[in-house]
Amino acid sequence: MGLCYTQNVNFIEVRDLKIEFTKIDENGAEVPGKVALNGVSLDIEKGSFVAVVGMNGSGKSTLAKCFNGLLIPTAGSVKVDGFDTADDSTIWEVRSRVGMVFQNPDNQLVSSIVEDDVAFGPENLGVDPAEIRRRVDDALKRVGMYEKKDRGAHMLSGGQKQRVAIAGAIAMRPDCIVFDEPTAMLDPKGREGVMSIIKDLNAGGITCILITHFMNEAEQADRVIVLKKGKLLCDRTPAELFSDREMIERAGLEMPPAIDIRDKAGLPESLTTADEIAEYIAAV
Ligand SMILES: Nc1ncnc2c1ncn2[C@@H]1O[C@H](COP(=O)(O)OP(=O)(O)O)[C@@H](O)[C@H]1O
Ligand SMILES: [Mg+2]
């Protein structure tokens with residue numbers, strides 16, 4: 001008889017999650033409102049890179065806010081590294097492990113100078129000044145903004161601001177960062193910069209959750225979670241998802257541009273990423 005054990009490598013465990021917003025009725029009473037998530041269960045493995053996609057209003061941002069306890073389940077549960085987000089006494093255990101980066105870079109910068117902005121989070125955590133200095137420099141180097149540390153934040157491009165916002169999250173030394181459509185307001189060059197930082201962070205061991213409406217970004221993740229009207233429609237590898245046109249249509253999504261080109265050119269379906277397709281074309 002062998003010794004039997006299971007190793008828990010899930011960093012986040014979501015079980016039967018329901019989020020119901022409340023609203024105020026005509027008598028001024030708080031009553032049940034919109035159900036934004038219903039019966040969602042999923043696991044996020046430690047060190048993985050997971051994309052979350054779905055049409056507008058499908059519940060992506062609501063789910064993102066559940067990952068660090070900004071929203072608490074109406075029913076069901078969310079556990080982060082074993083800590084239940086509904087438990088008030090350990091909410092800082094959750095918040096310190098999961099950083100958030102949002103869509104609008106202008107709403108996220110709190111200081112006028114780049115390095116002050118990155119220092120803001122660790123300062124609030126009570127980290128000592130020498131350690132803050134190290135963290136700020138390290139975080140700015142990781143996003144390629146170290147040379148601009150003395151700059152005024154208002155002088156930066158959207159992509160640069162977003163990189164500073166990411167540095168702010170990194171400086172908190174989280175295990176996981178949730179990116180809610182971080183590239184939606186950026187130009188293609190800014191988008192590429194942010195994507196390459198996300199991939200670097202993930203390669204460095206940070207669990208990355210990327211909400212996006214760009215399928216060429218989702219295609220680069222280990223796994224894609226698809227939401228539809230507050231429910232989990234499917235949870236697969238990008239290769240599995242993007243070889244299923246019916247599922248893509250059902251979810252109200254589009255194929256990644258590279259896959260469309262592959263199919264229009266009649267290239268082999270075994271090519272499932274933009275890199276594979278580009279390599280194949282270059283070799284012809
Ligand atoms: N604070 C809120 N109060 C009421 N309804 C909300 C609130 N936030 C989001 N919703 C609703 O919940 C649904 C999901 O929203 P959201 O998670 O923002 O979707 P997504 O990010 O996928 O576009 C939408 O119908 C939205 O209108
Ligand atoms: Mg959203």
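Just so we're aligned: the sequence shown equals residues 1 to 284 in this note's numbering.
Ideal placement from N, C-alpha and C gives every residue a C-beta, glycine not left out.
Computed from a predicted model, the values in this text were never measured in an experiment.
task: Given a cut-off of 8 Å, decide if I12 and D43 are closer than it, judged by their beta-carbon atoms.
output: Taking the sequence shown and counting its residues from 1, the one referred to as residue 43 is at position 43. Taking the sequence shown and counting its residues from 1, the one referred to as residue 12 is at position 12. Closer than 8 Å, so yes.
- prompt: ligand 1 heavy atoms versus the CB of H36: any closer than 7 Å?
  reply: Mapped onto the sequence shown, residue 36 falls at position 36. Just to set this straight, residue 36 is Ala in the shown sequence, not His. Yes, ligand 1 has a heavy atom inside 7 Å of this Cβ.
field: Per-residue DSSP class, three states only, for N38
entry: Position 38 of the sequence shown holds residue 38. Strand, per DSSP.
field: Distance between T212 and G2 (C-alpha atoms, nearest Å)
entry: Taking the first residue of the sequence shown as 1, we reach residue 2 at position 2. Taking the first residue of the sequence shown as 1, we reach residue 212 at position 212. In this prediction, G2 scores a pLDDT of 49, lower than 50, which makes its location untrustworthy; no coordinate-derived value is stated.
query: Where does G2 sit, in a helix, a strand or coil, going by DSSP?
result: For the purposes of this step, residue 2 is identified with residue 2 of the sequence shown, where counting begins at 1. With a pLDDT of only 49 at G2, under the threshold of 50, the placement of this residue in the model should not be trusted, and no figure is reported.
message: Please classify D88 as buried or exposed, where buried requires at least 16 neighbouring CB atoms within 10 angstroms.
response: Along the sequence shown, one-based indexing puts residue 88 at 88. D88 should be labelled exposed.
- prompt: Are three or more beta carbon pairs between the stretch 206–225 and the stretch 251–266 nearer than 8 Å?
  reply: yes
Pair within 8 Å by beta-carbon distance, L227 and V52: One-based indexing of the sequence shown puts residue 227 at position 227. One-based indexing of the sequence shown puts residue 52 at position 52. It is a contact, given that the beta carbons lie within the stated cut-off.
query: In the DSSP assignment, what are the bridge partners of V178?
result: Taking the first residue of the sequence shown as 1, we reach residue 178 at position 178. Partner(s): M100 and I209.
- request: Can you list the residues near ligand 2, meaning Cβ strictly closer than 7 Å to any non-hydrogen atom, in the order they appear in the chain?
  value: K60, S61, D180, E181 and I211
message: Could you check whether the Cβ of G39 sits closer than 7 Å to any heavy atom belonging to ligand 1?
response: Here the question's residue 39 lines up with position 39 in the sequence shown. Incorrect: G39 has no Cβ contact closer than 7 Å to ligand 1.
When S48, G205, T74 and R173 are compared against R134, the one with the closest alpha-carbon: In the sequence shown, the residue the question calls residue 134 occupies position 134. Closest option to R134, Cα to Cα, is R173.
message: Distance check for I177 and T273, CA to CA, integer angstroms please.
response: Position 273 of the sequence shown, counted from the start, is the residue given in the question as residue 273. Position 177 of the sequence shown, counted from the start, is the residue given in the question as residue 177. Roughly 24 Å separates the two Cα atoms.
- request: Specify, as a first and last residue, the run of the alpha helix (DSSP H) that K141 falls within.
  value: What you label residue 141 is simply residue 141 of the sequence shown in a count that begins at 1. Segment P129 to R142, the alpha helix (DSSP H) holding K141.
- prompt: Quick one, which of V164, R250 and N38 has its alpha-carbon nearest R142's?
  reply: Taking the sequence shown and counting its residues from 1, one reaches residue 142 at position 142. Ranking the options by Cα distance to R142, first place goes to V164.
message: I want to know whether the stretch 71–81 touches the stretch 108–126 - three or more CB-CB distances under 8 Å.
response: no
field: Pair within 8 Å by beta-carbon distance, G152 and M185
entry: Against the sequence shown, residue 152 aligns to sequence position 152. Against the sequence shown, residue 185 aligns to sequence position 185. Not a contact, by the Cβ cut-off of 8 Å.
- request: Provide the residue(s) that pair with I19 in DSSP beta bridges, ordered along the chain.
  value: As a position in the sequence shown, residue 19 is number 19, starting the count at 1. L37, per the DSSP bridge assignment.
- prompt: DSSP three-state call for A51: helix, strand or coil?
  reply: Counting from one through the sequence shown, the residue named residue 51 turns up at place 51. Note: A51 maps to strand in three-state DSSP.
message: Just to confirm before moving on: does the CB-CB distance between S61 and D180 stay below 8 Å?
response: What you label residue 61 is simply residue 61 of the sequence shown in a count that begins at 1. What you label residue 180 is simply residue 180 of the sequence shown in a count that begins at 1. A contact, by the Cβ cut-off of 8 Å.
field: Option in N104, R97 and Q103 with minimal Cα separation from P122
entry: As a working mapping, residue 122 is identified with position 122 in the sequence shown. Comparing Cα positions, the closest option is R97.
- request: Write down the C-beta distance between V118 and G168 rounded to the nearest angstrom, noting that I regard them as a contact closer than 8 Å.
  value: Within the sequence shown, numbered from 1, the residue matching residue 118 stands at position 118. Within the sequence shown, numbered from 1, the residue matching residue 168 stands at position 168. At roughly 5 Å, the Cβ-Cβ gap stays under 8 Å, so V118 and G168 are in contact.
task: Give every residue of the same chain whose Cβ lies closer than 8 Å to the Cβ of T90, excluding the five residues on either side of it in the sequence, and list them in chain order.
output: Here residue 90 refers to the residue found at position 90 when the sequence shown is read from its first residue. Answer for T90: F83 and D84, listed in chain order.
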